[in-house]
Amino acid sequence: MTDRAQTNQDFVVGISIFLLTVAGVIAFVPVVFQPFDDPTQASEYTQANELADTIIEEKRIGGTANTLDYHELESYLAPSSDISAELRADAGITLHNANVTITDGEITSGTIYDDPLLKTGSDVFLTTQSTATVTRIVRFDNESRCKATCRLVVRVW
Amino acid sequence: MRWRPPRPRAQAYSLEGIIAALIVAGAVLVGLQAVDTTPWTTNGNDRPVELQQAQAEDLLAAAADDGSLSRVVRCVSDTGRPYTNLGADPPLNLTDFGYMLNQTFAKRGFQYRVAIVHSHWNDSVSPPRRYRNVTPLSGERTDPAGPAVTASRTVTLTDDMRVYRNIDGCRDVRGTLSSVSNFYADDVDSASPVYNVVQVRLVVWKEGSV
């Protein structure tokens, strides 16, 4: 035999280090991409789009493209924790987890939810934070309501 | 064969194991650095392409509704060129349309360009040809890189509409389209009340935060 001692132990240490590393890589790489998974689904985005289109189509002043009637909108988007059945029927959506907010277009920083002109729907999204969001530009005939344009933000989750 | 004493080969397996493990771990690190995670980090506003398209169209529609689009088209300097300060970083003496663009796009980090497309008849050739001229309304010379969306809206100009001077928000009246001599668009038919039909084209680039 040679002068080497403990060849078997040497082999065990070496091979186990290698196998542990390979197993770790195989287990670790999919986990790295998990935070980037988008939890919103295509159906939620479609419903948010439908909702935004419906609001603009139903409540716009005849003859204009994007000018909405504020008083009719006030009843359509009555403040409550759930969007109104009339709106849901018109839009053809089935989810109850939706929120519609109209804000002044001037506000650009994050907390646009603090001072909305009109707001309806559940507030839960403020904590869950992964929603399908559709933002449209609208205006009202009474120009003093918003600085230049208003933003209609529809969130569905 | 002569028997030779073996050279010492102490713990070579361990060394090989460690080096192999290091190579595998290094490959993973280098591979992960090559992965670009930007498309995955949007904050709940997915599908920005359609959002930008809808917003650009909405903006032109809102401006058409309140008359500011028509006013911007008729706001010219003394040499007949239209208002050139609707680029990405508009100054203070904006028209209403410029203010809308600033509020909706510039303040949120999106760049945009506005251009007016108008027709020009050349009667001196036979048959008469129609040319389309594109007059850009921004002072920037180069366009930003990257994907963009385009929205356009037509504005009909009639002979009796007022022409404004492009200082301080386009409120100063110079005359009417029929009386002003050096407007950038021609009168296509002096017999009819229609002066010209122009198209306002808005191009918005997609970097920025919605």
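Keeping their order, the protein sequence lines are chains L and U.
At position 147 of the first sequence (counting the first as 1) the number is 147 in this note's numbering, and the numbers step up by one without a gap.
At position 185 of the second sequence (counting the first as 1) the number is 1185 in this note's numbering, and the numbers step up by one without a gap.
For glycine and all other residues, C-beta sits at the position ideal for the given N, C-alpha and C.
When Cβ pairs closer than 8 Å are counted between the two stretches, the stretch 52 to 70 of chain L is seen to touch the stretch 1063 to 1078 of chain U, the count reaching three or more. Annotated as distal: residue 1061(U) and residue 1171(U), with beta-carbon spacing of 9 Å or more.
Residue 1201(U) is positioned such that its CB atom lies no closer than 9 Å to that of residue 1076(U).
Taking the beta carbon of residue 145(L) as reference, no residue of chain U falls within 8 Å; the closest one sits roughly 12 Å away. Partner residues in a beta bridge of residue 1170(U), as assigned by DSSP, do not exist. Annotation: Cβ neighbours of residue 1066(U) in chain L (cutoff 8 Å, chain order): 67, 139, 143. Secondary structure in the stretch 57 to 141 of chain L: the alpha helix (DSSP H) runs of 4 residues or longer, each lying completely within the stretch, are 70 to 76, 85 to 91, 125 to 128 in chain order. In this structure, the straight-line span from the alpha carbon of residue 10(L) to that of residue 28(L) is close to 27 Å.
Close partners of residue 1095(U) in chain L (Cβ separation under 8 Å) are lacking, with about 11 Å as the shortest Cβ gap. In the DSSP secondary-structure assignment, residue 1156(U) is bridged to 1197(U). Where residue 1162(U) is concerned, the enclosing beta strand (DSSP E) starts and stops at 1162 to 1165. For residue 134(L), a Cβ of chain U is located within less than 9 Å of the residue's own Cβ. Among the residues of chain L, those whose CB is under 7 Å from the CB of residue 1100(U) are 148, 149, following chain order. The beta carbon of residue 1137(U) sits no closer than 9 Å to any beta carbon of chain L. Take residue 1204(U), set aside five residues on each side of it, and the residues of its chain with a beta-carbon closer than 7 Å to its own are 1052, 1056, 1105, 1110, 1112, 1148, 1149, in chain order. Of all residues in the stretch 4 to 30 of chain L, those with a C-beta nearer than 7 Å to a C-beta of chain U are 4, 10, 11, 13, 14, 15, 17, 18, 21, 22, 25, 29, reading in chain order. In the structure shown, residue 149(L) falls within a coil segment according to DSSP collapsed to helix, strand and coil.
For residue 1122(U), the enclosing beta strand (DSSP E) begins and ends at 1112 to 1122.
Contacts with chain U at 9 Å (Cβ-Cβ) do not include residue 154(L).
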